[in-house]
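Undergrad: Remember, the numbering used here sits 602 above the position in the sequence shown when you count from 1. Glycine residues also receive a C-beta, built at the ideal position from the N, C-alpha and C atoms. Computed from a predicted structure; not experimentally measured.
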Amino acid sequence: MAVARRRVDIEEGRAALAAWRAAVEPSGTAAGSPGAAAGNAPSRSLIATAVRYSLEEVTARAPGNSVEVRVPPFGVTQCVEGPRHTRGTPPNVIECDAATWLSLVTGSLSWADAVSTHRVTASGLRANLSELLPL
Numbered sequence: 603m604a605v606a607r608r609r610v611d612i613e614e615g616r617a618a619l620a621a622w623r624a625a626v627e628p629s630g631t632a633a634g635s636p637g638a639a640a641g642n643a644p645s646r647s648l649i650a651t652a653v654r655y656s657l658e659e660v661t662a663r664a665p666g667n668s669v670e671v672r673v674p675p676f677g678v679t680q681c682v683e684g685p686r687h688t689r690g691t692p693p694n695v696i697e698c699d700a701a702t703w704l705s706l707v708t709g710s711l712s713w714a715d716a717v718s719t720h721r722v723t724a725s726g727l728r729a730n731l732s733e734l735l736p737l
């Protein structure tokens, strides 16, 4: 199976993920919410880099085409071995916003909590990344 080519430099991606985490999770605030001080919100480009890097990392750790992970408007990837999807809407789809995705990736939010609070939409038998997250 061919491995997807990385588009985000690994060090740049790790730095973006660390910067996002520092910006949204200062001591005393909830996971995924902007910091209390004004101006702490991460930039759109930082969020985009962190999301794209983490999607590439999930694909590198679980290559395949049976699950599609969508984090609009920043990125989408296919991962997890299994039946290959080729046309139309895939049978196994996971979708969430960037803050939720990055909270899952960093371990600030558990997969079970994200699904139970409807912060993640997961459809299909294979649409479960609990064993892959956090990265």
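Go ahead and pull the three-state DSSP assignment for T679.
TA: Translated into the one-based positions of the sequence shown, residue 679 becomes position 77. Correct three-state label for T679: strand.
Undergrad: Less than 9 Å separating the beta-carbons of G684 and V673?
TA: Translated into positions along the sequence shown, residue 684 becomes position 82. Translated into positions along the sequence shown, residue 673 becomes position 71. Result no, Cβ atoms of G684 and V673 do not sit closer than 9 Å.
Undergrad: With a threshold of 8 Å, are at least 3 pairs of Cβ atoms found where one atom belongs to the segment 701-717 and the other to the segment 618-628?
TA: Yes: the two stretches touch, three or more of their Cβ pairs being nearer than 8 Å.
Undergrad: Are R609 and E658 touching if we call contact CB-CB under 9 Å?
TA: Residue mapping note: residue 609 aligns to position 7 of the sequence shown, counting from 1. Residue mapping note: residue 658 aligns to position 56 of the sequence shown, counting from 1. Cβ atoms of R609 and E658: closer than 9 Å.
Undergrad: Please classify T719: does DSSP put it in a helix, a strand, or coil?
TA: On the sequence shown, residue 719 is found 117 positions in, with the first residue counted as 1. Note: T719 maps to coil in three-state DSSP.
Undergrad: By the DSSP assignment, the beta strand (DSSP E) with R689 in it spans what residues?
TA: As a position in the sequence shown, residue 689 is number 87, starting the count at 1. That residue, R689, is in no beta strand (DSSP E); it is neither H nor E in DSSP.
Undergrad: Please classify I612 as buried or exposed, where buried requires at least 16 neighbouring CB atoms within 10 angstroms.
TA: Residue numbering aside, residue 612 sits at position 10 when the sequence shown is read from its first letter. Answer is exposed; the Cβ neighbour count stays below 16.
Undergrad: Tell me the rounded alpha-carbon separation between V717 and L735.
TA: As a working note, residue 717 is residue 115 in the sequence shown. As a working note, residue 735 is residue 133 in the sequence shown. Going from the Cα of V717 to the Cα of L735 covers about 13 Å.
Undergrad: Quick one, which of E614, L704, N667 and H720 has its alpha-carbon nearest R689's?
TA: On the sequence shown, residue 689 is found 87 positions in, with the first residue counted as 1. The shortest C-alpha separation from R689 is found at N667.
Undergrad: Taking G714 and S732 to be in contact with their CB atoms under 8 Å, please state how far apart those CB atoms are, rounded to whole angstroms.
TA: Residue numbering aside, residue 714 sits at position 112 when the sequence shown is read from its first letter. Residue numbering aside, residue 732 sits at position 130 when the sequence shown is read from its first letter. In the sequence as presented, Gly is not what sits at residue 714; that position holds Ala. That belief holds up - the Cβ atoms of A714 and S732 are roughly 7 Å apart, short of 8 Å.
Undergrad: According to DSSP, simplified to helix, strand and coil, what is V747?
TA: This structure cannot speak to residue 747, because the chain is shown only from 603 to 737.
Undergrad: Can you tell me where the beta strand (DSSP E) with E627 in it begins and where it stops?
TA: To locate residue 627, count along the sequence shown from 1; it is residue 25. It is not in any beta strand (DSSP E) - E627 carries neither H nor E in the DSSP assignment.
Undergrad: From the DSSP output, which residues share a beta bridge with R616?
TA: Position 14 of the sequence shown holds residue 616. DSSP output for R616 lists no bridge partner at all.
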